[in-house]
Structures are given as structure tokens and as C-alpha cells.
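Encoded as C-alpha cells, the structure appears first; notes follow it.
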Amino acid sequence: MPDLILKDETPGLRKSDVDPNPFTQFSKWYDEVLKSDLILPNSVALATATSGGVPSARMVLLKEFDERGFVFYTNYDSRKSQELEENPQAALLFYWASLDRQIRITGPVKRVSREESEAYFQTRPLDSRLGAWASNQSTVIANREMLENRMKALTEEYENREVPLPPNWGWAVQPMQNIPTATRLDSTVMLAVRDKAFFKVTAEPENAFFAKAGEKLAQPLTMKQGEKLTIDG
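Next comes the structure, spelled out in C-alpha cells:
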């Protein structure tokens with residue numbers, strides 16, 4: 426296998442580059458990637474695990490984010506939903522190669538409200554809304570023709586009607602505040618020397634760290650839930 430290494434052309438990540446509010450910082454990075462030529466910059470790897478610790482991962486699309494956390498939608502009958510019901514902890518990983526950056530987010534997951542799911546569902550293209558009814562996600566079908574026939578029947582049924590939200594569709598926000606356990610947003614510049622910025626939000630005062638590969642962590646920077654972190658230097 427060839428040794429594939431990116432040429433170091435980025436200035437690296439400095440403490441002065443990082444906003445003390447992790448949501449503000451993520452928003453800045455997200456705006457940067459939206460202006461790039463990266464296809465589907467909102468695609469993100471979602472890792473889940475069973476109650477017994479057996480992991481699985483797949484790509485999903487980030488639909489919104491705010492200070493509650495990061496929102497994605499799926500079918501409640503899917504494998505990821507079943508695992509999140511068993512073990513409501515997950516990890517998200519954004520990899521933006523054109524910016525030499527990855528962002529990891531870990532923490533607990535909970536469902537969004539039915540009203541929020543409904544509002545988002547009605548913004549989806551018609552084929553996507555019909556597909557949510559046609560497909561029994563993560564189940565085996567005899568052939569593709571069955572699915573196509575189901576789509577055809579649904580298209581006729583809802584030709585002049587609003588497609589309602591299926592009862593088994595919606596899901597989740599990965600919260601980053603108002604939770605008792607630590608959540609982490611970690612950005613890494615993907616180079617031979619990796620600079621990292623760490624954020625933690627918990628119900629109690631916690632430490633946020635900035636460190637460079639090969640260095641000891643500097644004096645911890647303290648942030649309380651709902652407050653901005655003051656960074657010296």
C-alpha cells in the first residue's frame with residue numbers, strides 16, 4: 426500500500442484561533458467548509474454501540490445545530506436507532522479533508538420533539554417523504570420491485586394530499602449542555618503534527634484543554650455550563 430501523506434500547508438491551530446464557546450467555534454468551522462468545494466460537508470460519521478458494547482458506524486447528514494447540540498434524523502426501526510435506545514451514547518466525526526480538519530463530538534443522545542420532527546419532515550423532497558413510508562428500514566425485502574410498487578402506490582395515494590410524518594421516523598439531538606455527563610468537541614488539524622482544541626461541557630465546572638502533539642497539557646481552562654470560557658494568552 427502506498428504511503429499517502431498530505432503535504433503540510435496549513436498554519437496549524439493556535440489558542441488565539443479558538444473561540445471559547447465551542448458552538449461558536451464549530452459554527453465558524455462549518456461556515457468555512459460550506460464555502461469550500463467539499464461535497465456534502467454536512468455528512469458525518471455516527472458511531473453507536475449496543476448495550477453490550479458492540480460498535481457500529483455509518484454516515485448520516487447533520488440537519489441543524491445550536492447550543493442544544495447536533496441534530497440528525499432517521500427511522501426508529503433502524504439499527505442505529507435500536508442501539509441508541511439500548512445505549513443512548515454516541516460519537517460524531519466530521520472529516521473535512523480540504524481543510525485538513527476533523528471534529529469529534531461525543532456524548533449522550535435523546536430524541537427531538539414530535540413537533541420538531543414534523544416541521545423538518547415537511548421540508549424534505551416529496552420522494553424522500555414517500556420513501557420514509559415505503560421502506561421498512563434495516564429489514565430484508567424479496568426484491569426491488571416490491572419497493573417500487575410500494576412507492577407507486579404511495580405516490581397515487583398522496584397525489585393531492587400532504588404526506589404525514591411516519592410514527593417511526595424522527596430521532597435525535599446530541600446535546601452539549603444541560604446534561605450531567607461530559608460532552609467533548611475536539612478539533613484536530615490533520616497533519617503529522619496535530620494541534621487539538623478540546624471543549625467539555627458538564628453540570629459541574631470542568632476543564633478545557635489546548636495542547637499540541639508531544640507537549641504536556643497547559644494549565645487547564647475552566648468553563649461552567651452555560652458560560653463562556655475565558656482564555657488567557
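No gaps in the numbering here: position 186 of the sequence shown is 611 in my numbering, and each next residue is one more. By construction, the Cβ of each residue, glycine as well, lies at the ideal position given by its N, Cα and C atoms.
Residue i - containing alpha helix (DSSP H), residue span
| i | result |
| --- | --- |
| residue 569 | 569-582 |
| residue 491 | Careful: residue 491 lies outside any alpha helix (DSSP H), inside the beta strand (DSSP E) at 489-491. |
| residue 509 | 504-511 |
Residue i, DSSP secondary structure in three states
| i | result |
| --- | --- |
| residue 460 | coil |
| residue 532 | strand |
| residue 619 | Low confidence applies here, because residue 619 scores a pLDDT of 47, under 50, leaving its location unreliable; read the following figure in that light. Residue 619: coil per DSSP, three-state reduction. |
| residue 499 | strand |
| residue 447 | helix |
| residue 538 | coil |
| residue 471 | strand |
| residue 527 | strand |
Span of the beta strand (DSSP E), counted from its first residue to its last, around residue i
| i | result |
| --- | --- |
| residue 516 | 514-521 |
| residue 486 | 480-486 |
| residue 553 | From DSSP, residue 553 is part of no beta strand (DSSP E) but of the alpha helix (DSSP H) over 551-559. |
Contact under 9 Å by Cβ, residue i with residue j
| i | j | result |
| --- | --- | --- |
| residue 521 | residue 452 | no |
| residue 513 | residue 488 | no |
| residue 474 | residue 480 | yes |
| residue 530 | residue 509 | no |
| residue 575 | residue 559 | yes |
| residue 542 | residue 595 | yes |
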